[in-house]
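Residue numbers (the working numbering), protein chains in the order written: chain A, 570 to 614; chain B, -15 to 406. Even for Gly, the Cβ is constructed at its ideal location relative to N, Cα and C. As the structure is a prediction and not an experimental result, all values here were calculated from the model. Contents: one structure, followed by commentary.
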């Protein structure tokens, strides 16, 4: 069982590193005003 | 092996053929046809007790052979016992192997243990609350008087229905030290918990599911719980280093102040162009002054100057205060943060569309500070939560398990369920 848990931990740490590197913020899920979304660029010339 | 010891004779009561599976060892046998108790110490086959019980079926038939612990055993005797209170019932199968002697397979609430008699002298009494045996502490769990309720098969001692022994069970799961005392002797036995599947596999029988928690049932996550906690702590340290290393360097890339005046309150504003060298998050820290009993909504659009990308968010700044019943109160804040996640690299500017509440003649100043590579501590704390969820669960479940185990005992120590037995 320990090895499965260790694998789970490795996956979690990898996910943490990936999320940070990609600029994701977990806390945004709980803050509707802090959530952004991608949209078409109406300002692009 | 065991088959070489078989001897048959005719029951002196009913004449049926009785097989002695451990001839030379057995001194008592029960006729399988009429349940008469027969003295088999010699070939006179004297009747000890005439049939007063019906023949009962057992989970493991008499004569069944099975391998437990690498040794082939044959079930030759069966005893049903009950506690004098009538609350607890259990069964004991006598197993025999001509080279290894006798063992007991004990079943209670469909939990199974394999027991052997301890032949060496152990200085204990029936009233000890703890026993140290082989360097291991055993705590008392039951202490009562057991009555033989039913017997079947053959035995190497004199046994009959109604026999009584004082007994005490001491546990150090998965082991249990049992002490039985009658007028002649004190008998100590050590039993080890077995899974029903092991019994099923060994004897080729089908057993009902276990009920409740056995006194010596190993607790869940036994032996791995401390390792799981160790892995969790190590992961925490690694996660901290990874979090610091993967977040990059936080940097303010733009600071702009907009003046929102009554005559241009619906006008859009734009910051200067700033560069994001890699995919990152972007924090917009907004503040408004003066903002007294007022609000302003800001529609924020992060616009790429080099691609077709745009990211939209909104930010509401509001601040109210006053006095009521002699007490001051306030609500909201004049500043707050909004985040854009996973913004692609490139040149960007922030376009702001303000929607203020009421504006005075001097308007309102809105200051926006744009920061990239904000360290997202919520990511770290979410990871910590997920890392420790399982170890915490193992500990809580273990505590609950021990609580339920000791519910069945009159001797529950207060400290049970603590971290003592991995």
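Rounded to whole angstroms, residue 15 of chain B and residue 92 of chain B show a C-alpha spacing of 25 angstroms. Taken in chain order, the whole beta strand (DSSP E) runs of length 3 or more contained in the stretch 261 to 321 of chain B are 264 to 273, 278 to 288, 293 to 308 and 311 to 317. Here the alpha carbons of residue 271 of chain B and residue 318 of chain B stand approximately 6 angstroms from one another. Taking 7 angstroms as the upper bound on Cβ-Cβ separation, chain A lies near residues 226, 227, 230 and 231 of the stretch 225 to 245 of chain B. Within its own chain, the residues whose Cβ lies closer than 7 angstroms to the Cβ of residue 87 of chain B, once the five positions on either side in sequence are excluded, are 57, 79, 98, 99 and 100, listed in chain order.
Neighbours of residue 265 of chain B across chain A, judged by C-beta separation under 8 angstroms: 592, 593 and 594.
In the DSSP assignment, residue 156 of chain B is bridged to B:159. The beta carbon of residue 219 of chain B sits closer than 7 angstroms to those of 371, all from its chain and outside the five residues before and after it, given in chain order.
Residue state for residue 587 of chain A is assigned as helix, using DSSP reduced to three classes. Inter-residue distance for residue 582 of chain A and residue 305 of chain B is about 44 angstroms (C-alpha atoms, whole angstroms). With the rule of 3 Cβ pairs closer than 8 angstroms, the stretch 108 to 124 of chain B does not count as touching the stretch 135 to 148 of chain B. Contact between the stretch 220 to 240 of chain B and the stretch 173 to 188 of chain B is absent: fewer than 3 CB-CB pairs across the two stretches fall below 8 angstroms. For residue 24 of chain B, no chain A residue has a Cβ inside 7 angstroms of its Cβ, as the nearest lies near 50 angstroms away.
Bounds of the alpha helix (DSSP H) holding residue 362 of chain B are 361 to 390. According to DSSP, residue 106 of chain B shares a beta bridge with no other residue. Between residue 284 of chain B and residue 298 of chain B, the gap from beta carbon to beta carbon is short of 9 angstroms. Ranked by how close their Cα comes to the Cα of residue 24 of chain B, the residues B:33, B:34, B:11 and B:17 have B:11 in first place.
Judged by pairs of C-beta atoms under 8 angstroms, the stretch 375 to 387 of chain B touches the stretch 202 to 211 of chain B, as three or more such pairs exist.
Cβ contact annotation for residue 171 of chain B (same chain, cutoff 6 angstroms, sequence separation greater than five): 164, in chain order. B:327 is the residue among B:113, B:327 and B:313 whose C-alpha sits nearest the C-alpha of residue 291 of chain B. In the three-state DSSP reduction, residue 238 of chain B falls in the strand class (E or B). Bridge pairing for residue 258 of chain B: B:332 [DSSP].
Chain A places no beta carbon closer than 9 angstroms to that of residue 251 of chain B, leaving this residue out of the contacts. Between the alpha carbons of residue 232 of chain B and residue 590 of chain A lies a distance of about 8 angstroms. The beta carbon of residue 187 of chain B lies closer than 7 angstroms to those of 44, 48 and 50 in the same chain, with the five residues before and after it left out.
Restricting attention to B:104, B:241 and B:9, the CA atom closest to the CA of residue 338 of chain B is found in B:241. Between residue 320 of chain B and residue 269 of chain B, the C-beta spacing is below 9 angstroms. At a Cβ-Cβ threshold of 9 angstroms, residue 359 of chain B and residue 227 of chain B count as neighbours. DSSP, read as helix, strand or coil, puts residue 338 of chain B in strand.
Between residue 40 of chain B and residue 64 of chain B, the gap from beta carbon to beta carbon is short of 9 angstroms. When rounded, the separation of the alpha-carbon atoms in residue 256 of chain B and residue 288 of chain B is 12 angstroms. Excluding its 5 nearest sequence neighbours in each direction, residue 346 of chain B has no C-beta neighbour in its own chain below 7 angstroms.
Chain order gives the chain B residues near residue 588 of chain A as 360 and 363, where near means a beta carbon separation below 8 angstroms. Across the structure, residue 353 of chain B and residue 322 of chain B are spaced so that their CA atoms are roughly 11 angstroms apart.
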